[in-house]
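Okay, structure coming up:
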């Protein structure tokens, strides 16, 4: 029997004009779009609703050819499926790229509109082969009634998972608040995974630092990969969400996974903390029963695989983002990850 390889964390590349073409009349220059010379920095940028990242970096010819292949596969499902066949990848879980920054948009109505537009585009993208292209919708949940309606809409049209921002908007109740319980209940009832993904939080994407502010990017890189753990601990475990909804399935995506053994040790200690809400299960049991971690190229995963639990681990290629191991993904997966299993 041949091995079947599925990427639990891949991405689409949304068209640059996706939101401007449909939302600019309503929201004007607040809409994510291409801009020139952003805040005085020369070049072409994509404004994501709050910050912008450069999209005109020059590269050498060999790298340019590879990046063009990745771009084509990112927004053309037929080309993606062709490269998946070439790389012997059976299926991919497809997360947003530009859409990861939607949770950072300050305007709630714009945030909801951007999410719906992106979800519609992703539904169409995945319709080329719904068994191999597994779409994850993005849903801001501060407006709970709207979020539940959007969840039902996108799942009804074929989406297989849902992503939320790592935090609600500033000033909104935290996720542990019962106000969001109807949404968690709907996700649990639909039996679909709930994704928390790197970049969709409060830590600014390092790619959005320019000029003198670039000196802040190293700290952002470190904080970015650490942002999921506090949310998991404070909101979902000790905040009681996983006690109220014990069948909720969480996927922490692209935070890597070798941090989980020390995280388990710390939550066991936290559980003994006086004054905290009493949990219904040992703290580490939530990791074993409710949480999966999708890693990209974590070099320590194999060393800690038994501490983490092989059934909790998922590999993601990050395709078609430039750091992904394309071409020869299967060979590199075998040589760099699976060789020690």
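In my numbering, the protein residues as written are 6 to 346. We put the CB at the ideal spot given by N, CA and C, even for glycine. Bear in mind the structure is a predicted one, so any value in this text is a computation, not a measurement.
Which residues in the same chain have their Cβ closer than 7 Å to the Cβ of residue 247, if we skip the five residues on either side of it in sequence? As a first step, residue 247 is located in the chain shown; it is residue number 242 there, counting from the start. For residue 247, where only same-chain residues beyond five positions count, the Cβ hits under 7 Å are 241, 253, 291, 295.
Going by beta-carbon coordinates alone, are residue 146 and residue 111 separated by less than 8 Å? Residue 146 sits at position 141 when you count from the first residue of the chain shown. Residue 111 sits at position 106 when you count from the first residue of the chain shown. Not a contact, by the Cβ cut-off of 8 Å.
According to DSSP, residue 49 sits in a beta bridge with which residue or residues? Indexing the chain shown from 1 puts residue 49 at position 44. As computed with DSSP, residue 49 is found in a beta bridge with 41.
Between the CA atoms of residue 131 and residue 158 - distance to the nearest angstrom: Mapped onto the chain shown, residue 158 falls at position 153. Mapped onto the chain shown, residue 131 falls at position 126. Annotation: residue 158 to residue 131 spans about 15 Å, alpha carbon to alpha carbon.
May I have the straight-line CA-CA distance separating residue 25 from residue 18, to the nearest angstrom? The residue given as residue 25 occupies position 20 in the chain shown. The residue given as residue 18 occupies position 13 in the chain shown. Straight-line Cα distance between these residues: approximately 15 Å.
Using a Cβ distance threshold of 8 Å, determine whether the stretch 306-322 contacts the stretch 260-277, with at least three qualifying pairs required. The stretch 306-322, when compared against the stretch 260-277, does touch it at the 8 Å Cβ threshold.
Let's see if you can read the secondary structure: which residues bound the beta strand (DSSP E) around residue 100? As a first step, residue 100 is located in the chain shown; it is residue number 95 there, counting from the start. Residues 96-100.
When DSSP labels each residue in this structure, what does residue 384 get in the three-state scheme? Here the chain comprises residues numbered 6 to 346, so residue 384 is not present and cannot be evaluated.
Assuming residue 168 and residue 100 make a contact with CB atoms under 8 Å, what is their CB distance in whole Å? By one-based count along the chain shown, residue 168 stands at place 163. By one-based count along the chain shown, residue 100 stands at place 95. Correct: roughly 7 Å between the Cβ atoms.
When DSSP builds the beta bridges, which residues end up paired with residue 140? By 1-based counting over the chain shown, the position of residue 140 is 135. In DSSP, residue 140 forms a bridge with 99.
Beta-carbon contacts of residue 258 that lie in its chain and below 6 Å, excluding the five residues immediately before and after: Reading the chain shown from its first residue, position 253 is the one you call residue 258. The beta carbon of residue 258 sits closer than 6 Å to the beta carbons of 14, 200, 202, 299 from its chain, once the five residues preceding and following it are set aside; these are given in chain order.
Per-residue DSSP class, three states only, for residue 215: Within the chain shown, numbered from 1, the residue matching residue 215 stands at position 210. The answer is coil: DSSP assigns residue 215 none of H, G, I, E or B.
Own chain partners of residue 6 with C-beta closer than 8 Å, once the 5 adjacent residues on each side are dropped: As a first step, residue 6 is located in the chain shown; it is residue number 1 there, counting from the start. The predicted position of residue 6 is uncertain, since its pLDDT is 38 and thus under 50; no value can be drawn from it.
So, does the stretch 325-343 touch the stretch 69-88, judging by three or more C-beta pairs under 8 Å? Touching, per the Cβ criterion.
Sequence-distant residues of the same chain with beta carbon closer than 7 Å to residue 122, five excluded per side: Here the question's residue 122 lines up with position 117 in the chain shown. Within the same chain, residue 122 has close Cβ partners 23, 24, 27, 28.
Can you give me the C-alpha to C-alpha distance between residue 284 and residue 52, rounded to a whole angstrom? Here the question's residue 284 lines up with position 279 in the chain shown. Here the question's residue 52 lines up with position 47 in the chain shown. Their backbone Cα atoms lie some 43 Å apart in a straight line.
Note the first and the last residue of the continuous beta strand (DSSP E) segment covering residue 182. Sequence index remark: in the chain shown, residue 182 carries index 177 (1-based). Counting along the chain, no beta strand (DSSP E) covers residue 182, and no H or E run does either.
Which ranges would you report for the beta strand (DSSP E) in the stretch 202-285 if only whole runs of at least 3 residues count? Runs of the beta strand (DSSP E) inside the stretch 202-285: 255-258.
Proximal residues to residue 163 (C-beta, below 8 Å), its chain only, five neighbours per side dropped: Sequence index remark: in the chain shown, residue 163 carries index 158 (1-based). 128, 131, 132, 135, 140, listed in sequence order.
Proximity to residue 62 [Cα-Cα], best of 56, 48, 54, 320: Reading the chain shown from its first residue, position 57 is the one you call residue 62. Between residue 62 and the set 56, 48, 54, 320, the nearest pair of CA atoms involves 48.
Taking the alpha carbon of residue 68 as the point to measure from, which residue in 327, 166, 94, 153 has its own alpha carbon closest? For this step, residue 68 is matched to residue 63 along the chain shown. Selection 327, 166, 94, 153 evaluated against residue 68 yields 327 as nearest (Cα-Cα).
Leaving out five residues on either side along the sequence, give the residues of the same chain with a beta carbon under 7 Å from the beta carbon of residue 272. Position 267 of the chain shown, counted from the first residue, corresponds to residue 272. Here residue 272 has 238, 242, 288, 289 as same chain residues with Cβ atoms under 7 Å from its own Cβ, once five neighbours each way along the sequence are excluded.
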